[in-house]
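Enquirer:
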Amino acid sequence: MSIFNLDILEQELTGAKKIAITGHIRPDGDCIGSCSALYQYLIECKKELNIEQVDVYLETFGQEYNILSGIDKIRHRFDYDDTYDVMITLDCSSLDRLGHSIRYFETAKRTICIDHHITNDNFADVNHVVADASSTCEVIYDLLVDSRITKEIAKSLYIGIVHDTGIFRHVSTSGKTMEIAASLIRKGIDFTKLIDETFTQKTYAQMQIMGRALMESVLYMDGKLIASSISLDTMKLYEVTHTDLDGIIDQLRTAKGTEVAMFIYETEEGDNKISLRSNGRVNVSEIARSFGGGGHVKAAGCSMEGTAIDAIAKIIPHIEAQLIN
6 MSIFNLDILE QELTGAKKIA ITGHIRPDGD CIGSCSALYQ YLIECKKELN
56 IEQVDVYLET FGQEYNILSG IDKIRHRFDY DDTYDVMITL DCSSLDRLGH
106 SIRYFETAKR TICIDHHITN DNFADVNHVV ADASSTCEVI YDLLVDSRIT
156 KEIAKSLYIG IVHDTGIFRH VSTSGKTMEI AASLIRKGID FTKLIDETFT
206 QKTYAQMQIM GRALMESVLY MDGKLIASSI SLDTMKLYEV THTDLDGIID
256 QLRTAKGTEV AMFIYETEEG DNKISLRSNG RVNVSEIARS FGGGGHVKAA
306 GCSMEGTAID AIAKIIPHIE AQLIN
């Protein structure tokens with residue numbers, strides 16, 4: 006990792022009139038939080054940095070994130086004709102994870118990637134990857150001037166940290182993570198409300214689909230792997246989308262005695278998104294990388310064609326190989 010700080014970021018933005026921010030496909034709390042926080046920060050600094058326009062591009066996400074300031078300014082369509090002086094990608098480890106926003110990345114004069122995924126392949130002109138950070142929001146916090154972090158920016162950063170650490174339960178949580186969270190709380194945020202409304206609370210339909218996924222889960226490898234899947238037809242039956250499936254993989258991971266949890270859902274007929282979680286012995290980022298995905302040692306994902314059973318059959322040998330070794 007090269008040395009990168011706020012001064013260098015501002016140097017990279019010098020002369021940039023139009024800036025775009027984006028994150029990965031199917032954005033999660035860390036992606037949404039980091040994009041929202043950096044957007045608000047750049048808007049705060051527009052005059053001194055001589056910026057004329059800042060736009061954020063993300064795929065649609067759950068309404069629970071409407072609690073954040075500036076969310077209504079995010080563009081969910083990718084048919085705007087804008088070209089940008091600088092495009093900043095957040096929480097995205099590879100070009101193929103940019104989705105439709107890649108059109109703006111490819112036409113931008115300068116590109117910057119800020120991330121915390123160990124599998125990041127340094128695809129931008131400037132790459133700032135802190136693999137031992139709990140979240141991209143933690144990385145963003147380190148780049149900003151504390152006195153310029155407003156209460157609203159603090160809310161966005163806190164949500165990102167909370168979501169990527171599983172409310173400070175995941176191994177990626179460090180003493181520094183907790184110190185940053187404390188500093189954000191001191192900004193006056195209602196942290197319990199943020200956790201409840203974006204992480205804990207579920208709609209009735211979300212609880213139903215989670216119950217269905219847990220009820221139909223299956224143990225493999227003598228109980229070392231727990232896997233479940235949700236088809237497009239099932240999503241239609243419960244009138245939910247992929248944004249309503251958050252939290253299912255983490256519930257599967259709590260099954261006692263398991264080493265790996267696997268959750269599969271259809272994104273379109275014949276295509277599947279696969280989430281993997283490890284309880285310690287298995288490096289799921291290595292497995293995901295074998296199938297063109299990536300992530301972290303204990304939390305990763307990839308995409309596959311075929312059926313859910315096909316995906317499970319392909320993943321099992323990789324888990325077995327690690328457990329044997």
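In our numbering, the protein residues as written are 6 to 330. Yeah, the Cβ is synthetic: ideal placement off N, Cα and C, and Gly gets one too. Here the structure is a predicted model, which means the values were calculated and not measured.
Helix, strand or coil for S236 per DSSP?
Expert: Along the sequence shown, read from residue 1 onward, the residue named residue 236 stands at position 231. S236 falls in the coil class under three-state DSSP.
Enquirer: Is I292 near F268, with beta carbons less than 7 Å apart?
Expert: Taking the first residue of the sequence shown as position 1, residue 292 is located at position 287. Taking the first residue of the sequence shown as position 1, residue 268 is located at position 263. Cβ atoms of I292 and F268: not closer than 7 Å.
Enquirer: Which partner residues of R115 appear in the DSSP bridge assignment?
Expert: On the sequence shown, position 110 is the one that residue 115 refers to. Its beta-bridge partners are V91.
Enquirer: Between the Cα of Y89 and those of T259, I13 and S106, spot the shortest distance and give me the residue it belongs to.
Expert: If you number the sequence shown from 1, residue 89 lands on position 84. Residue S106 is the option with its Cα nearest to Y89.
Enquirer: Mind checking who H301 pairs with in its DSSP beta bridge?
Expert: Locating residue 301 in the sequence shown gives position 296, where the first residue counts as 1. Paired residue(s): none; H301 is not in a bridge.
Enquirer: Opposite I24 in the DSSP bridges: which residues?
Expert: Your numbering for residue 24 matches position 19 in the sequence shown. In DSSP, I24 forms a bridge with V59 and V91.
Enquirer: Which same chain residues, not among the five before or five after C36, have their C-beta less than 6 Å away from its C-beta?
Expert: Here the question's residue 36 lines up with position 31 in the sequence shown. Around C36: G28, H29 and D96.
Enquirer: Rounded to the nearest angstrom, what separates R217 and I231 at their Cα positions?
Expert: As a working mapping, residue 217 is identified with position 212 in the sequence shown. As a working mapping, residue 231 is identified with position 226 in the sequence shown. Taking the straight line from one Cα to the other gives about 14 Å.
Enquirer: Just to confirm my understanding: we take Q327, look at its own chain, exclude 5 residues before and 5 after, and list those with CB closer than 6 Å. What are they?
Expert: One-based indexing of the sequence shown puts residue 327 at position 322. Correct list, in chain order: V287.
Enquirer: Could you give the C-beta distance for G34 and I164, rounded to a whole number, given that I count them as a contact under 8 Å?
Expert: Sequence index remark: in the sequence shown, residue 34 carries index 29 (1-based). Sequence index remark: in the sequence shown, residue 164 carries index 159 (1-based). Yes, they are in contact, since the Cβ atoms of G34 and I164 sit about 5 Å apart, within 8 Å.
Enquirer: My assumption, with CB atoms under 8 Å, is that Y62 sits in contact with A25. Please give the rounded CB distance.
Expert: Locating residue 62 in the sequence shown gives position 57, counting from the first residue. Locating residue 25 in the sequence shown gives position 20, counting from the first residue. Right, the Cβ-Cβ distance comes to about 6 Å (below 8 Å), so this counts as a contact.
Enquirer: With DSSP run on the structure shown, which of helix, strand or coil describes C36?
Expert: Position 31 of the sequence shown holds residue 36. Three-state DSSP puts C36 in a helix.
Enquirer: Is the beta carbon of I117 sitting closer than 7 Å to the one on A129?
Expert: As a working mapping, residue 117 is identified with position 112 in the sequence shown. As a working mapping, residue 129 is identified with position 124 in the sequence shown. Their beta carbons are under 7 Å apart, which means I117 touches A129 by this criterion.
Enquirer: Counting only the same chain and skipping the five closest in sequence on each side, list residues whose C-beta sits under 8 Å from that of E310.
Expert: Translated into the one-based positions of the sequence shown, residue 310 becomes position 305. Result list for E310: G275, D276 and N277, in chain order.
Enquirer: Rounded to whole angstroms, what is the Cα-Cα separation between I48 and I93?
Expert: For the purposes of this step, residue 48 is taken as the residue at position 43 of the sequence shown. For the purposes of this step, residue 93 is taken as the residue at position 88 of the sequence shown. C-alpha separation (whole angstroms): 14 Å.
Enquirer: For the structure I just gave you, are there three or more beta carbon pairs, one from the segment 202-213 and one from the segment 149-169, closer than 8 Å?
Expert: With the cut-off at 8 Å, the segment 202-213 and the segment 149-169 touch.
Enquirer: Indicate whether E221 and S233 have their beta-carbon atoms separated by less than 7 Å.
Expert: Along the sequence shown, read from residue 1 onward, the residue named residue 221 stands at position 216. Along the sequence shown, read from residue 1 onward, the residue named residue 233 stands at position 228. Contact flag set, yes.
Enquirer: Does DSSP put M6 in a helix, in a strand, or in coil?
Expert: If you number the sequence shown from 1, residue 6 lands on position 1. Legend: pLDDT at M6 = 45, less than 50; position of this residue unreliable, value from coordinates given subsequently. Note: M6 maps to coil in three-state DSSP.
Enquirer: Among the residues of its own chain, which have a CB less than 7 Å from the CB of P32, if the five just before and after it don't count?
Expert: Position 27 of the sequence shown holds residue 32. If we look at P32 and ignore the five residues flanking it on each side, its Cβ neighbours are L63, E64 and F66.
Enquirer: To the nearest angstrom, report how far apart S41 and G75 are at their CA atoms.
Expert: Within the sequence shown, residue 41 is the residue found at index 36, counting from 1. Within the sequence shown, residue 75 is the residue found at index 70, counting from 1. In a straight line, the C-alpha of S41 is about 7 Å away from that of G75.
Enquirer: Out of H122, T19, R108 and I314, point me to the one whose CA is closest to A136's CA.
Expert: Along the sequence shown, one-based indexing puts residue 136 at 131. Selected option, being the one with the closest Cα: H122.
Enquirer: For D315, is the classification buried or exposed, using 16 other Cβ atoms within 10 angstroms of its Cβ as the cut-off for buried?
Expert: Here residue 315 corresponds to residue number 310 of the sequence shown, with the count starting at 1. Answer is exposed; the Cβ neighbour count stays below 16.
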